[in-house]
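> Questions regarding the structure given below will be posed in turn.
Numbering (the working numbering), first residue to last: 1076 to 1345.
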């Protein structure tokens, strides 16, 4: 997707990850860091978009009246990227183990961010944690640890293999995602998560599962604007590896939704 002579390149917001203040850290001692992993913006750039990290406006150094709604009005779409666990309290549970406590501050920021973009009618795409966060934001719940709570499940995260851990997914017939990959019932994707969807949020549909254990791998909102998510990391895909699901159709579908939202004439033609 190249530049548009009327609107310019689409501006896509990316949610920030957090390194919270740590007095023992030798660099940026005691400071909160907000950052993005570079493969996410590079993936969006491959489709002609201009990625923008959206910093949280809150925190002890806050000194303005800028809100997440301001970003939702200015930007054309949102990508919720991967990262830390979701705090179980975000879906009404206590952590089963201390190491699964997640990041409450990031949850609150990203839930508010997602709601701001949905309220503005701007397309939202979730990746890995982003899928889990959207499910929680819309009223669903999560498995805090797949291996513990779903015995016999695939190894969805292998720390040593990281993004070289793969498994098959199966597209759900009749869904939009299945239509993007017509004629392809299954595909291989990377898998780097240990949490996953337990109870699907109301008004969401499942678009792909892992046939070996039934884990939900892709979802879509049935509401009035584009909200979709995948459990794998399309931005990690090496285009030279033909054995893995090609992410191009997924990215193009999202950016097409962004273009239609920006240009009412395209919405009428869709």
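Yeah, the Cβ is synthetic: ideal placement off N, Cα and C, and Gly gets one too.
Between which two residues does the beta strand (DSSP E) holding residue 1250 run?
Element bounds for residue 1250: n/a, residue is neither H nor E.
> Report the rounded CA-to-CA distance for residue 1319 versus residue 1264, giving the unit in angstroms.
So the alpha carbons of these two residues sit roughly 6 Å apart.
> Does the count of Cβ pairs from the stretch 1286-1306 and the stretch 1176-1186 closer than 8 Å reach three?
Not touching, per the Cβ criterion.
> On the CB-based measure, 16 or more other CB atoms within 10 Å of its CB, does residue 1151 come out buried or exposed?
Buried, by the Cβ-count rule.
> From residue 1338 to residue 1153, what does the alpha carbon distance come to, in whole angstroms?
Spanning the two alpha carbons is a distance of roughly 17 Å.
> Does DSSP put residue 1126 in a helix, in a strand, or in coil?
Reduced to three states, the DSSP call for residue 1126 is strand.
> Just to confirm, does residue 1108 get its C-beta within under 6 Å of one of the non-hydrogen atoms of the ligand GTP?
Among the components modelled here there is no ligand, and therefore nothing to report on the ligand GTP.
> What distance in whole Å lies between the Cβ atoms of residue 1211 and residue 1281, which are believed to be in contact at a cut-off of 8 Å?
Contact flag wrong, Cβ pair sits at about 16 Å.
> What is the residue span of the alpha helix (DSSP H) that residue 1165 lies within?
Segment: none, residue 1165 is in no alpha helix (DSSP H) and carries neither H nor E.
> Using only alpha-carbon positions, find the residue among 1094, 1139, 1174 that is nearest to residue 1219.
Looking at the Cα atoms, 1174 is the closest of the given residues.
> Within 10 angstroms of the Cβ of residue 1077, are there 16 or more other Cβ atoms? Answer buried if so, exposed if not.
Bear in mind that the predicted position of residue 1077 carries a pLDDT of just 43, short of 50, making it unreliable; the figure below should be weighed with that in mind. Under this definition residue 1077 is an exposed residue.
> With distances taken Cα to Cα, identify the nearest neighbour of residue 1299 among 1139, 1196, 1176, 1126.
Considering only alpha carbons, the answer is 1196.
> According to the neighbour-count rule (16 or more other Cβ atoms, all chains shown, within 10 Å of its Cβ), is residue 1149 buried or exposed?
The residue is exposed, with fewer than 16 neighbouring Cβ atoms inside 10 Å.
> Rounding to the nearest angstrom, what Cα-Cα distance links residue 1142 and residue 1295 in this structure?
Taking the straight line from one Cα to the other gives about 26 Å.
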